[in-house]
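One structure below.
Residue numbers (full-length UniProt numbering): 1 to 71.
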């Protein structure tokens, strides 16, 4: 099976040490396209644990869990 790599940098509000995380772009874009919001929150405790994606100021409350990939 072929594997393709892509690198995307996002503007984020982050005040901690640098962190590298990798995601399956298909899963991540599926969630972001569903949310259709300019601001989303990625909540996590480590680079290898699950990530809870939410819309912090939306009237409707949605939560999605995405697992990072090893990079």
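Each residue gets a CB set at the ideal place from its N, CA and C atoms; glycine is no exception. Since the structure is predicted, the reported quantities are computational estimates derived from the model, not experimental observations.
- Rounded to the nearest whole angstrom, the C-alpha separation of residue 58 and residue 25 is 24 Å.
- For residue 54, the pairing in a beta bridge is given by DSSP as 41 and 63.
- Taking the C-beta atoms as reference points, residue 54 is found no nearer than 8 Å to residue 45.
- Note on geometry: alpha-carbon atoms of residue 56 and residue 39 lie some 8 Å from one another.
- The three-state secondary structure of residue 69, taken from DSSP, is strand.
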